[in-house]
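Trainee: Residue numbers (the working numbering): 43 to 113.
The C-beta atom is built at its ideal place from N, Cα and C for all residues, glycine as well.
All of these numbers come straight from a predicted model, not from anything done at the bench.
1. What are the boundary residues of the alpha helix (DSSP H) that includes residue 52?
2. Put residue 87 into one of helix, strand or coil per three-state DSSP.
3. Between the C-alpha atoms of residue 46 and residue 80, what's the straight-line distance to the nearest angstrom?
4. Start and end of the beta strand (DSSP E) containing residue 96?
5. Under 8 angstroms: do the segment 81-95 and the segment 46-58 share three or more Cβ pairs, one atom per stretch?
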């Protein structure tokens, strides 16, 4: 399965510790979670702000590591 450039960019950002995902990247994050490259847990603070705690799955880390080698 080929990844879109926005998915590759987000995988790289998550791999390097990007703490915030917002805007259009939220939709991309949902796609990565659906494909099994990332996992998310609701981390909302109860004050009306919604947050998702995100981590890469082993397959997501493998792809992100391969991207770093290819650069």
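Mentor: Looking at the atomic coordinates:
1. 47-57
2. coil
3. 15 angstroms
4. 94-98
5. no
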